[in-house]
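Numbering-wise (the numbering used here), the sequence shown opens with residue 2 and increments by one.
Positions of the beta carbon are idealized from the N, C-alpha and C atoms, including for glycine.
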Amino acid sequence: ENFLDPKKTGQPVVASFWHYSIVYFLYSQRGNAVTAMVSSSRDGEYIARLAEEFGFDTARGSRNNKGVEALKNMLRAIRGGNSGAIVADGSQGPPRIAQPGAILLASRTGAPVQPMLWAASRYFTVRSWDKTVVPKPFARIDFFYGEPIKVPAQLKPEGIEEYRLLLERRLNELYDRAWGQYNKAGH
């Protein structure tokens with residue numbers, strides 16, 4: 002079942018996942034009505050090209066550069082019927098510590114946050130802050146979807162923090178379960 006394509010589900014969601022998994026996430030969701038927030042950095046350019054090749058719309062920005070513009074573009078896309086995709090730990094980390102972006106989008110649009118991640122039986126790890134994972138050929142890959150998080154409208158900062166911590170906890174629980182099935186403490 003595809004949880005992200007609003008044409009199939011009838012409702013956009015804000016997909017949120019850890020940065021390590023971005024490459025295969027884009028591949029697995031190709032062709033769906035999804036707008037991905039991608040860093041405006043030089044490294045982000047590669048991800049943006051890959052996302053667009055797979056049929057995603059992109060909203061470019063990061064904490065330090067055009068972040069507000071990217072957030073506005075994501076809001077427009079979700080209100081226009083696309084699902085949104087945003088890495089929970091941001092473009093610069095630290096790894097597996099959620100940033101508030103997904104919660105802000107959900108609070109402003111009414112779309113639930115869909116925690117998700119995947120794990121692979123065999124994979125390559127890229128030397129980077131997030132240890133990006135690319136599945137090896139013929140690896141078994143399993144997706145894990147957490148309970149959607151319904152975020153109240155127009156949250157105040159303390160509410161955003163509460164839901165940010167909830168997203169972080171749910172993603173880390175999924176992460177432990179996903180990688181644990183391969184008897185790994187992590188990737």
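### Query
With a CB to CB cut of under 8 Å and the five nearest residues on each side skipped, what residues in its chain are close to S63?
S40, S41, S42, G45, A71, G91, S92 and Q93
### Query
Ordered along the chain, which non-local residues of its own chain (more than five positions away) have a Cβ less than 8 Å from that of Y25?
W119, A121, V134, V135, P136 and I142
### Task
Could you check the C-alpha separation between Q100 and R170 for me, to the nearest Å?
12 Å
### Query
Roughly how many angstroms lie between the CA atoms of I79 and N33, to the nearest whole one?
13 Å
### Task
Spell out the partners DSSP gives D131 in its beta bridges.
Answer by DSSP bridge pairing: none, since D131 is not bridged.
#### Entry: Three-state class that DSSP yields for K1 in the structure shown
One cannot answer for residue 1 here, as it falls past the ends of the chain, which runs 2 to 188.
### Task
Measure how close the beta-carbons of P153 and G147 come, nearest whole angstrom, since I'm counting them as under 8 Å.
Actually they do not touch by this definition, with Cβ atoms about 18 Å apart.
### Task
Reducing DSSP to helix, strand and coil, say where K137 ends up.
coil
### Query
Going by C-alpha distance, which of S129, L175 and I98 is nearest F145?
Of S129, L175 and I98, the residue nearest in Cα terms is L175.
### Query
From which residue to which residue does the beta strand (DSSP E) around P116 run?
V114 to A121 is the extent of the beta strand (DSSP E) around P116.
### Query
In three-state terms, what does DSSP make of I98?
coil
### Task
Would you mind sorting A186 into buried or exposed? The rule is 16 or more other CB atoms within 10 Å of its CB.
exposed
### Query
Quick one: Cα of P149 to Cα of P113, how far?
6 Å
### Query
Does the separation of the CB atoms of F18 and A89 fall below 8 Å?
In contact: F18 and A89 (Cβ atoms closer than 8 Å).
### Query
Per DSSP, what kind of secondary structure is V39 in: helix, strand or coil?
The answer is strand: DSSP assigns V39 an E or B state.
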